[in-house]
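*Asks:*
In this note's numbering, the protein residues as written are 77 to 549.
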């Protein structure tokens, strides 16, 4: 599944060799030689995920369900509401038969499927009805009136329960033999078909023998050992988006009482205590909720102390949440180890925050620390729970670094103007207001500066140009 930068599924595909299939999309030449649709798809891909299934048929089913669930923009096939066929047997009927269905209803009937190969299924159903003598009419209790409109009486491949020639018990025995085939016990019927095929071949009835051969092949393809999983298909994890799977797995790994729909994470960024900042990112349903991001300038800590900075940021944010009576997150995470976890808990206690799940994620070995447990939790690196936590932590780190870098560059650039004789605070604000940034100012010559900023003469303007001439490089 390919997703765009907003997390929306834009394409679903299947392949026996996923490495080769994905390689075809990400070759540099594809952006030049591919058609417009392919180039647009490649440029829209922000992330991708994959699911391994047991067989080609299961891949077809999963692909169909995903396309119908997400309606991806770049999938042009299978976008109608067509569903794969099921086989239905209603054992509550007096003379049950094998019928076709599109939807599985809560009617206590027995369903088999879905089956991706509709033509083979229809042909096989007709053969089974004929082979076991089961009725093919629509009436659940056929009678002589039903028989008047029945074509099977001509070919005599029905046991004709409508005439009373067969009792319900005898009919059920025939049905049970057919159900055994639907359950995957196909050896007896394949042996019987093979015998009929050989007899037909001996009598030079080659077309009849070919039909028996095809019937055996269809039964193997539809009800064989590799396809028996379709009787009760269950693909919940595969249908989950990556965020949903991560949420579910995270609740299981951490033993949470509720699903962590809303996760927030704090991270600290500073250089030896200078320009210290904290970031807070929010993930809702496993996706970034950028409108809920927050950033903090650290005010009370002047030295390099990440624990104290974490305490300040968490206490400030949750103090405001509680004062405004806004909902708390389902999970609070700190970027770091035991120290950051302890500082976070102390901050929550200081503002009388109600209990909520709190963890810390240490980056070195991806260890998860939780309160009251000395040893960290270490998950498999492919675990969707860990993948979700890593996404949240990395986004918090990116947001913090971006804010810290912005402040650092602003201070560096502003300090350059402070070193120019004749440029005070008022003229500095005038210059930045006129040109927008120091990079734009550095591209101007002395004449333009003196023209656009009243009060700055050519001599001072030339000094500004001399100082800033390398800033754009």
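Glycine is no exception: its CB is placed at the ideal position from the N, C-alpha and C atoms.
(1) Please look up how many angstroms separate the CB atoms of residue 534 and residue 526, rounded, as I've assumed it's under 8 angstroms.
(2) For residue 358, which three-state DSSP category applies?
(3) Let me know the secondary structure DSSP gives residue 479 once reduced to three states.
(4) Give the range of the beta strand (DSSP E) segment to which residue 191 is assigned.
(5) Using three-state DSSP, classify residue 364 as helix, strand or coil.
(6) Figure out for me which residue from 127, 501, 517 and 108 has the closest Cα to the Cα of residue 78.
(7) Strictly by DSSP, which residues pair up with residue 409?
(8) Would you grab the beta carbon distance between residue 210 and residue 191 for me? Rounded to a whole angstrom, and I think it's under 8 angstroms.
(9) Once the 5 residues before and after residue 387 are set aside, which same chain residues still bring their CB inside 7 angstroms of it?
(10) Please go through the region 191 to 249 and give each complete alpha helix (DSSP H) segment of 4 or more residues, from N-terminal end onward.
(11) Measure the alpha-carbon distance for residue 141 versus residue 193 and round it to whole angstroms.
(12) Across which residues does DSSP place residue 443 in a beta bridge pair?
(13) Taking just the CA atoms, how far does residue 497 sit from residue 522?
(14) How would you label residue 306, buried or exposed, when you count the other beta carbons within 10 angstroms and need 16 or more for buried?
(15) Beta-carbon within less than 6 angstroms of residue 124's beta-carbon, same chain only, minus the 5 sequence neighbours each way: which residues are those?
(16) Can you grab the Cα-Cα spacing for the pair residue 440 / residue 416, in whole Å?
(17) Skipping 5 residues on each side, what residues in its chain have a beta carbon closer than 8 angstroms to that of residue 406?
(18) Under three-state DSSP, which class holds residue 524?
(19) Assuming residue 175 is part of the beta strand (DSSP E), what are its boundary residues?
(20) Starting from the Cα of residue 391, find the closest Cα among 294, 342 and 81 and give me that residue.
(21) Among the residues of its own chain, which have a CB less than 6 angstroms from the CB of residue 90, if the five just before and after it don't count?
(22) To which residues of the same chain is residue 370 closer than 6 angstroms at the C-beta, ignoring the five residues directly before and after it?
(23) Could you give the residue range of the alpha helix (DSSP H) that holds residue 146?
(24) Between the Cα of residue 119 and those of 132, 130, 129 and 104, spot the shortest distance and give me the residue it belongs to.
(25) Starting from the C-beta of residue 466, find all residues in its chain whose C-beta is less than 8 angstroms away, skip the five residues before and the five after it, and write them out in chain order.
(26) Whose C-beta lies closer than 7 angstroms to the C-beta of residue 294 among residues of the same chain, with five residues either side of it excluded?
(27) On the three-pair Cβ rule with 8 angstroms, is the region 501 to 513 touching the region 446 to 455?
*Replies:* Result, derived from the coordinates:
(1) Going by Cβ atoms, the distance from residue 534 to residue 526 rounds to 5 angstroms, so yes, they are a contact pair.
(2) Here residue 358 sits in strand by DSSP.
(3) Collapsing the DSSP output to three states places residue 479 in a helix.
(4) It spans 186 to 191 - the beta strand (DSSP E) in which residue 191 sits, taken as one unbroken run.
(5) If DSSP states are grouped into helix, strand and coil, residue 364 belongs with the strands.
(6) Nearest option by C-alpha distance: 127.
(7) BP columns for residue 409 point to 341 and 435.
(8) Contact between residue 210 and residue 191 is ruled out by a C-beta separation of about 19 angstroms, above the 8 angstroms threshold.
(9) Cβ neighbours of residue 387 beyond the five flanking positions: 419, 422 and 423.
(10) Under the rule that a run must span 4 or more residues, the alpha helix (DSSP H) segments found entirely inside the region 191 to 249 read 194 to 208, 220 to 223 and 228 to 231.
(11) Taking the straight line from one Cα to the other gives about 15 angstroms.
(12) Beta-bridge pairing links residue 443 to 438 and 454.
(13) When only Cα atoms are considered, residue 522 and residue 497 end up about 15 angstroms apart.
(14) Note that residue 306 scores a pLDDT of 44, beneath 50, so its modelled location is shaky; the value from the coordinates is reported in the next line. Residue 306 counts as buried, since no fewer than 16 other beta carbons sit within 10 angstroms of its beta carbon.
(15) Excluding sequence neighbours, residue 124 sits near 78.
(16) Here the alpha carbons of residue 416 and residue 440 stand approximately 14 angstroms from one another.
(17) Closer than 8 angstroms at the Cβ level, and outside the excluded window around residue 406, lie 332, 334, 335, 336, 337, 338, 339, 432 and 433.
(18) Under the three-state reduction of DSSP output, residue 524 falls in the helix class.
(19) Residue 175: member of the beta strand (DSSP E) spanning 175 to 177, first to last residue.
(20) By alpha-carbon distance to residue 391, the top candidate from 294, 342 and 81 is 342.
(21) Cβ neighbours of residue 90 beyond the five flanking positions: 135 and 139.
(22) Answer for residue 370: 356, listed in chain order.
(23) Note, residue 146: alpha helix (DSSP H), 132 to 146.
(24) Measuring from the Cα of residue 119, the nearest candidate turns out to be 104.
(25) Excluding positions up to five away in sequence, the list reads 437 and 442.
(26) Once the five neighbours on either side are set aside, the close Cβ partners of residue 294 are 196, 199 and 200.
(27) Contact check between the region 501 to 513 and the region 446 to 455: fewer than three CB pairs, one atom from each, fall below 8 angstroms, which does not count as touching.
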